[in-house]
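Chemist: Residue numbers (this note's numbering): 3 to 164.
C-beta: ideal position from N, C-alpha, C; glycine also.
It should be emphasised that the depicted structure is a prediction, and the values quoted were computed from it without experimental measurement.
Have a look at this one before I ask anything.
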């Protein structure tokens, strides 16, 4: 059976929508969740308690030491500005996406099966060679016309409005 992953980005302290996303991930029985940054404050991380959470920093994440502590409290892993996750042989690059040219260069390198990025606050999908490049949008209802998350299963994915 393929690993199921919940992907979220740019929550920007929207506690209400983040709670909805966490419930969705739990209802979908995800194996783990990925957060692509712009949490803003550490309490938002604590909403993921009960889920395995892997994250990277966003460009608006100031209190990095406190975010690291919040991840530690819930047993999560905050990897820095960039990370690579191996999901049953599928190599996934995680990068917040402040510089789009970097996220696209990651895809063009053909070193990853999937590149996940945030920052843009809108969803977008491209196939760059063999690599699937996905901008997951924003979960924040004030920053996005269509707040959503992604459920990823292998190379298949679906956007889910929250």
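For the alpha helix (DSSP H) holding residue 28, just list the boundary residues, first then last.
Modeler: Stepping through the chain shown from its first residue, residue 28 is reached at position 26. Residues 17–29.
Chemist: Assess, as a yes-or-no matter, whether the region 114–129 is touched by the region 138–145 under the definition of 3 or more beta carbon pairs within less than 8 Å.
Modeler: Touching, per the Cβ criterion.
Chemist: What is the residue span of the beta strand (DSSP E) that residue 106 lies within?
Modeler: Indexing the chain shown from 1 puts residue 106 at position 104. Element bounds for residue 106: not the beta strand (DSSP E) but the alpha helix (DSSP H), 102–110.
Chemist: Using DSSP with H/G/I as helix, E/B as strand and the rest coil, what is residue 59?
Modeler: Locating residue 59 in the chain shown gives position 57, counting from the first residue. Three-state DSSP puts residue 59 in coil, outside helix and strand.
Chemist: So residue 89 is in the beta strand (DSSP E); what residue range does that whole segment cover?
Modeler: The residue you call residue 89 lines up with position 87 of the chain shown. Where residue 89 is concerned, the enclosing beta strand (DSSP E) stretches over 84–89.
Chemist: Could you tell me the alpha carbon to alpha carbon distance between residue 80 and residue 129, rounded to whole angstroms?
Modeler: The residue you call residue 80 lines up with position 78 of the chain shown. The residue you call residue 129 lines up with position 127 of the chain shown. Cα to Cα, the separation comes out at about 27 Å.
Chemist: Report the CB separation of residue 116 from residue 94 in whole angstroms; it is logged as a contact under 8 Å.
Modeler: In the chain shown, residue 116 corresponds to position 114, counting from 1. In the chain shown, residue 94 corresponds to position 92, counting from 1. Their Cβ separation, rounded to whole angstroms, is 5 Å, which keeps residue 116 and residue 94 in contact under 8 Å.
Chemist: Could you tell me the alpha carbon to alpha carbon distance between residue 134 and residue 109, rounded to whole angstroms?
Modeler: Taking the first residue of the chain shown as 1, we reach residue 134 at position 132. Taking the first residue of the chain shown as 1, we reach residue 109 at position 107. C-alpha separation (whole angstroms): 7 Å.
Chemist: Using the rule of at least 16 other Cβ atoms within 10 Å of the residue's Cβ for burial, across every protein chain shown, is residue 24 buried or exposed?
Modeler: To locate residue 24, count along the chain shown from 1; it is residue 22. Buried: at least 16 other Cβ atoms inside 10 Å.
Chemist: Taking the beta strand (DSSP E) that residue 95 falls in, what are its first and last residues?
Modeler: Residue 95 sits at position 93 when you count from the first residue of the chain shown. Its beta strand (DSSP E) spans residues 92–97.
Chemist: Based on Cα-Cα distance, which residue from 145, 164, 153 lies nearest to residue 40?
Modeler: What you label residue 40 is simply residue 38 of the chain shown in a count that begins at 1. When each option's Cα is compared against that of residue 40, the closest is 145.
Chemist: Does the beta-carbon distance from residue 87 to residue 36 come in below 9 Å?
Modeler: Residue 87 sits at position 85 when you count from the first residue of the chain shown. Residue 36 sits at position 34 when you count from the first residue of the chain shown. Yes, Cβ-Cβ distance for residue 87 and residue 36 is below 9 Å.
Chemist: How many angstroms separate the CA atom of residue 33 from the CA atom of residue 78?
Modeler: The sequence position of residue 33 within the chain shown is 31, counting from 1. The sequence position of residue 78 within the chain shown is 76, counting from 1. Distance between the alpha carbons of residue 33 and residue 78 is about 13 Å.
Chemist: What residues in its chain sit with their C-beta under 6 Å from that of residue 59, if we drop five residues either side in the sequence?
Modeler: What you label residue 59 is simply residue 57 of the chain shown in a count that begins at 1. Around residue 59: 39, 83.
Chemist: Between which two residues does the beta strand (DSSP E) carrying residue 160 extend?
Modeler: Position 158 of the chain shown, counted from the first residue, corresponds to residue 160. Per DSSP, residue 160 belongs to the beta strand (DSSP E) from 158–163.
Chemist: Where residue 16 and residue 30 are concerned, what is the direct C-alpha to C-alpha distance, given to the nearest angstrom?
Modeler: On the chain shown, position 14 is the one that residue 16 refers to. On the chain shown, position 28 is the one that residue 30 refers to. Looking at the two C-alpha atoms, the distance is approximately 21 Å.
Chemist: For residue 45 and residue 69, what's the separation of their Cα atoms in angstroms?
Modeler: Residue numbering aside, residue 45 sits at position 43 when the chain shown is read from its first letter. Residue numbering aside, residue 69 sits at position 67 when the chain shown is read from its first letter. Approximately 8 Å between the Cα atoms of the pair.
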